[in-house]
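Residue numbers (our numbering): 4 to 203.
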């Protein structure tokens, strides 16, 4: 099957799921998923779809829908695997895609940003192990580093892991806030304390 045909057939197969997710109807999306042809789902190449239902589900806060898609055979791409903390999948993809570890998706986030957003420590560790840049800046108007995302979560483990990997705690976001300033503003006291203890 050609890449174009696969994209079209994948879109047709998954469009009811995507429409439901865009409408905020997770239960309806789950019903459509239950009706999908599992073999057809398994044949869809992760990066051949224009609209990614896994990432769409995650961006709407429907993690259970994203997980169900994976359970039913839809393979996640690197960004989705990082956000779902599928560290074995991140490892498998990273081995063959070292040049994509710092690339931003359509929404402007790198795999490391999405791992931090989801609190996916295992995936974050795999990304760091394979050389992902802890200082990568988002390719959108936020201009955040993964450390900014970890601070937003007030997640000490993520903050310390990023700092140990060489994250720059002085890098400002689009609002000119360094991670410590962001921690004070939010407030994110645990992350702020971790940054202070690291002498940043």
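Just so it is clear, CB atoms sit at the ideal spot from N, CA and C, and this is done for glycine as well.
Just so it is clear, the structure is predicted and the values come from calculations on it, not from any experiment.
For the set 63, 49, 45 and 43, the Cα lying nearest the Cα of residue 32 is the one of 63. Excluding sequence positions up to five before and after residue 114, its CB lies within less than 7 Å of the CB of 81, 82, 85, 104, 130 and 135, all in the same chain and listed in chain order.
Judged by DSSP secondary structure, residue 195 falls within the alpha helix (DSSP H) whose first and last residues are 192-200. If the five residues before and after residue 188 are omitted, its C-beta is found closer than 7 Å to the C-beta atoms of 180, all from its own chain and listed in chain order.
Within its own chain, the residues whose Cβ lies closer than 6 Å to the Cβ of residue 152, once the five positions on either side in sequence are excluded, are 116, 119 and 120, listed in chain order.
Listed in chain order, the non-local C-beta contacts of residue 71 below 8 Å within the same chain comprise 33 and 36, local neighbours out to five positions each way being set aside. In this structure residue 141 is in contact with residue 111, their Cβ atoms being roughly 5 Å apart against a cut-off of 8 Å. Nearest C-alpha to residue 202 among 182, 191 and 190: 182. Residue 107 and residue 144 have their C-alpha atoms spaced approximately 13 Å apart. Straight-line measurement puts the Cα of residue 169 at about 32 Å from the Cα of residue 73.
Rounded to the nearest whole angstrom, the C-alpha separation of residue 78 and residue 191 is 35 Å. Between the C-alpha atoms of residue 21 and residue 198 there is a straight-line separation of about 39 Å. A Cβ-Cβ distance of about 7 Å is found for the pair residue 164 and residue 128, placing them in contact under the 8 Å criterion. In this structure, residue 150 sits near residue 162, with a CB-CB distance shorter than 8 Å.
Around the beta-carbon of residue 61, 16 or more other beta-carbon atoms lie within 10 Å, marking it buried.
Residue environment: residue 172 is assigned as buried (16 or more neighbouring CB atoms within 10 Å of its CB, all protein chains considered).
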